[in-house]
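According to the numbering used here, the sequence shown is numbered sequentially starting from 26.
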Amino acid sequence: MIHVFEHLAQRFAEILTKGDVMELFKMLERRYGTVSKVCEMVGIERRTFYHWQYAKQINSGTKAKVLRVALGKYPIDTLEFLARKSRDRTKELLEILIEFLRRGIVEEEDPKKAEELARRAEEIIGEFSVPVTEYLRHEIANLIEDSLSRGFRIEISLHTGVQQLIIAPPRTPRDQERPAFTRVEALVSTGTVSVPHVVLEAHVPKSLERWE
């Protein structure tokens, strides 16, 4: 896994701000007790850490070092940290983009150009309205299947209205032959009514039908 952490550290170090790096360092410090110990693991001098508070930015090499250690010691916590930071920054960029589109539509004197901006806004908002998890169906399906194989039922609440994942066993003999998942449904709230809505394709092993 070392080479994986090295690759991730090099790839994502640039998205980290000075504050992010210090948060990761503090996380390591809380778990290892001293600044000196963390500096030794990261491979920097102690005085370097204390200079960070006066620096405008931390260089990429040092960012990668801290990130690599954090990934190696606490991969799940660190990856969650990176995912949250990326989401927050995407939200910030989208806020700015939407405001530029709004101003363009309001201020553009040429009706055709204003209409083009409106159509572009429609496309952009439509594209980014799709949850990121929509692109991770296969990965989520594998997570659910493996969790069920260990006897754990995963219920996922999403901000899009999905309240609960319901695992349904294959409905026909032909479905039994399909690789990986057959069907995963969810209850979707539409006002005061909950209706079934297919959100993933998945196969549930016979041994797990006891959940139904």
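Heads up, the beta-carbon is just placed ideally off N, CA and C, and yes, glycines get one too.
Here the structure is a predicted model, which is why all the values come from computation and not from measurement.
Distance, residue j Cα to residue i Cα
i	j	result
L161	N84	33 Å
L107	P136	42 Å
T42	L49	11 Å
Y57	E105	20 Å
G44	E134	43 Å
I241	R71	Because residue 241 is not part of the residues shown, which for the chain are 26 to 237, the question remains open.
V29	G176	30 Å
E39	G68	19 Å
S146	P156	With the sequence shown as reference, residue 146 is identified as Ala, and Ser is not the correct amino acid for it. Those two C-alpha atoms are separated by around 18 Å.
Range covered by the alpha helix (DSSP H) that runs through residue i
i	result
T73	71-76
E164	162-174
G58	Taken as a continuous stretch (DSSP letters only), G58 belongs to no alpha helix (DSSP H), as it is neither H nor E.
Whole-number beta carbon distance between residue j and residue i, since they are thought to touch under 8 Å
i	j	result
I149	L122	7 Å
T158	I165	6 Å
Closest by C-alpha distance to residue i, when choosing among the options
i	options	result
K88	L142, V46, S174	V46
C64	E147, L142, V91	V91
H32	R93, I40, R55	R93
A95	K51, D171, E39	K51
R112	G86, F153, R128, F74	F153
L53	Y99, Q35, A34	Y99
Of all the beta strand (DSSP E) runs that stay within the bounds of the segment 98-147, which reach a length of 3 or more residues?
You should have found no qualifying run.
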